[in-house]
Amino acid sequence: MEVRNYETVFILTPVLNEGQVQETVEKFSQVLKENGADIINTEAWGLKKLAYPIQKKNTGYYFLVEFTGSGNIVDTLELAFRRDERIIRFLTTVLDKHAVAYSQRRRNGEMNQQKAQKQSEAVAQ
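Put into C-alpha coordinates, the structure is as follows:
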(Lines of atoms letter the chains of each structure in order from A and count residues from 1; the text may use other names and numbers.)
(Lines give C-alpha, C1' and ligand atoms only; values in the text may rest on other atoms or scores of the structure.)
Protein backbone atom coordinates (compact mmCIF):
# COMPACT_ATOMS: atom_id res chain seq x y z
CA MET A 1 0.00 0.00 0.00
CA GLU A 2 1.09 3.54 -0.72
CA VAL A 3 2.52 5.58 2.14
CA ARG A 4 1.01 9.06 2.38
CA ASN A 5 1.45 12.14 4.53
CA TYR A 6 -1.42 12.95 6.87
CA GLU A 7 -2.27 15.70 9.31
CA THR A 8 -4.84 15.36 12.05
CA VAL A 9 -6.16 18.02 14.39
CA PHE A 10 -8.19 16.99 17.40
CA ILE A 11 -9.85 18.90 20.22
CA LEU A 12 -9.94 17.59 23.77
CA THR A 13 -12.55 18.53 26.34
CA PRO A 14 -11.42 21.45 28.57
CA VAL A 15 -12.30 19.74 31.86
CA LEU A 16 -9.15 17.59 31.77
CA ASN A 17 -6.07 18.38 33.85
CA GLU A 18 -2.55 18.48 32.34
CA GLY A 19 -1.82 14.86 33.23
CA GLN A 20 -4.98 13.61 31.56
CA VAL A 21 -4.31 15.72 28.47
CA GLN A 22 -0.78 14.32 28.08
CA GLU A 23 -2.05 10.79 28.69
CA THR A 24 -4.67 11.20 25.94
CA VAL A 25 -2.19 12.60 23.43
CA GLU A 26 0.23 9.76 24.21
CA LYS A 27 -2.60 7.23 23.74
CA PHE A 28 -3.26 8.41 20.18
CA SER A 29 0.44 8.61 19.38
CA GLN A 30 0.71 5.00 20.52
CA VAL A 31 -2.24 4.01 18.29
CA LEU A 32 -0.39 5.48 15.32
CA LYS A 33 2.92 3.79 16.20
CA GLU A 34 1.28 0.39 16.75
CA ASN A 35 -0.24 0.54 13.27
CA GLY A 36 3.03 1.37 11.49
CA ALA A 37 2.79 5.15 11.23
CA ASP A 38 5.81 7.43 11.57
CA ILE A 39 4.99 10.55 13.59
CA ILE A 40 6.69 13.57 12.01
CA ASN A 41 5.51 16.35 14.30
CA THR A 42 3.21 16.93 17.25
CA GLU A 43 2.12 20.41 18.27
CA ALA A 44 0.06 21.44 21.27
CA TRP A 45 -1.86 24.58 20.35
CA GLY A 46 -3.25 24.87 23.86
CA LEU A 47 -6.62 25.87 25.25
CA LYS A 48 -8.56 27.90 22.67
CA LYS A 49 -12.07 29.24 22.31
CA LEU A 50 -14.29 27.23 19.99
CA ALA A 51 -16.11 28.92 17.12
CA TYR A 52 -19.39 27.53 18.46
CA PRO A 53 -20.35 25.50 21.54
CA ILE A 54 -19.79 21.75 21.27
CA GLN A 55 -21.35 19.55 23.97
CA LYS A 56 -22.08 22.75 25.95
CA LYS A 57 -18.36 23.62 26.03
CA ASN A 58 -16.91 26.86 24.68
CA THR A 59 -13.18 25.97 24.86
CA GLY A 60 -10.99 22.97 24.11
CA TYR A 61 -7.37 21.78 23.98
CA TYR A 62 -6.18 21.73 20.36
CA PHE A 63 -3.49 19.32 19.11
CA LEU A 64 -1.92 18.77 15.68
CA VAL A 65 -0.20 15.53 14.68
CA GLU A 66 1.58 15.07 11.34
CA PHE A 67 2.35 11.48 10.35
CA THR A 68 3.01 9.14 7.44
CA GLY A 69 1.31 5.82 6.95
CA SER A 70 -0.85 3.67 4.72
CA GLY A 71 -4.52 4.42 4.06
CA ASN A 72 -5.98 2.04 6.65
CA ILE A 73 -4.22 3.91 9.47
CA VAL A 74 -6.74 6.76 9.19
CA ASP A 75 -9.69 4.45 9.78
CA THR A 76 -8.02 2.97 12.85
CA LEU A 77 -7.14 6.39 14.26
CA GLU A 78 -10.59 7.86 13.66
CA LEU A 79 -12.23 4.82 15.26
CA ALA A 80 -10.08 5.40 18.34
CA PHE A 81 -11.11 9.09 18.31
CA ARG A 82 -14.80 8.16 18.14
CA ARG A 83 -14.49 5.70 21.05
CA ASP A 84 -12.81 8.20 23.38
CA GLU A 85 -15.23 10.51 25.20
CA ARG A 86 -12.45 13.06 25.83
CA ILE A 87 -12.34 13.96 22.12
CA ILE A 88 -14.78 16.71 21.12
CA ARG A 89 -13.87 16.96 17.40
CA PHE A 90 -11.21 15.69 15.00
CA LEU A 91 -10.22 16.16 11.37
CA THR A 92 -7.68 14.15 9.38
CA THR A 93 -6.48 15.30 5.96
CA VAL A 94 -4.12 13.92 3.33
CA LEU A 95 -1.29 16.33 2.55
CA ASP A 96 -0.16 16.88 -1.03
CA LYS A 97 3.42 17.82 -1.91
CA HIS A 98 2.73 21.55 -1.51
CA ALA A 99 1.18 21.09 1.94
CA VAL A 100 4.13 18.93 3.02
CA ALA A 101 6.56 21.66 1.92
CA TYR A 102 4.49 24.31 3.71
CA SER A 103 4.40 22.25 6.91
CA GLN A 104 8.14 21.74 6.80
CA ARG A 105 8.77 25.50 6.35
CA ARG A 106 6.34 26.26 9.19
CA ARG A 107 8.07 23.78 11.51
CA ASN A 108 11.47 25.32 10.70
CA GLY A 109 10.15 28.82 11.43
CA GLU A 110 10.79 30.12 7.92
CA MET A 111 7.32 31.65 7.59
CA ASN A 112 7.78 34.36 10.21
CA GLN A 113 11.38 35.04 9.16
CA GLN A 114 10.35 36.11 5.66
CA LYS A 115 7.64 38.40 7.01
CA ALA A 116 10.00 39.94 9.58
CA GLN A 117 12.66 40.47 6.91
CA LYS A 118 10.20 42.32 4.64
CA GLN A 119 9.12 44.53 7.52
CA SER A 120 12.70 45.37 8.48
CA GLU A 121 13.51 46.24 4.86
CA ALA A 122 10.46 48.53 4.73
CA VAL A 123 11.53 50.28 7.93
CA ALA A 124 15.12 50.69 6.65
CA GLN A 125 13.95 52.54 3.55
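Using this note's numbering, the first residue of the sequence shown is number 1002, and each one after it goes up by one. The beta carbon of each residue, even a glycine, is placed where N, CA and C say it ideally should be.
Backbone CA spacing between residue i and residue j [nearest angstrom]
i, j, result
"VAL1101", "PHE1068", "11 Å"
"ILE1127", "LEU1080", "Because the chain in this structure spans residues 1002 to 1126, residue 1127 falls outside the shown range and cannot be described."
"TYR1063", "LYS1050", "10 Å"
"GLU1027", "GLN1118", "37 Å"
"ALA1045", "ASP1097", "23 Å"
"GLY1070", "ARG1108", "20 Å"
"GLN1120", "GLU1111", "15 Å"
"GLY1072", "ASN1018", "33 Å"
"GLY1020", "GLU1122", "45 Å"
"ARG1083", "GLN1114", "39 Å"
"ALA1052", "ASP1085", "22 Å"
"PHE1091", "SER1104", "19 Å"
"PHE1029", "GLY1061", "17 Å"
Proximity of residue i and residue j at Cβ, strictly below 7 Å
i, j, result
"VAL1010", "LEU1065", "yes"
"ILE1089", "ILE1055", "yes"
"THR1077", "ASN1036", "yes"
"VAL1022", "LEU1033", "no"
"PRO1015", "LYS1058", "yes"
"TYR1007", "VAL1124", "no"
"ARG1106", "THR1025", "no"
Local Cβ density within 10 Å of residue i, reported as buried at 16 or more and exposed below that
i, result
"LEU1048", "exposed"
"ALA1038", "buried"
**Request:** With a floor of 4 residues, list each alpha helix (DSSP H) that falls wholly inside the stretch 1073 to 1125, ordered by position along the chain.
**Result:** Listed in chain order, they are 1073 to 1084, 1098 to 1109 and 1111 to 1125.
**Asked** Which parts of the stretch 1012 to 1055 are runs of the beta strand (DSSP E), unbroken and 3 residues or longer, counting only runs that do not cross its ends?
**Response** Listed in chain order, the complete beta strand (DSSP E) runs (minimum 3 residues) inside the stretch 1012 to 1055 are 1039 to 1055.
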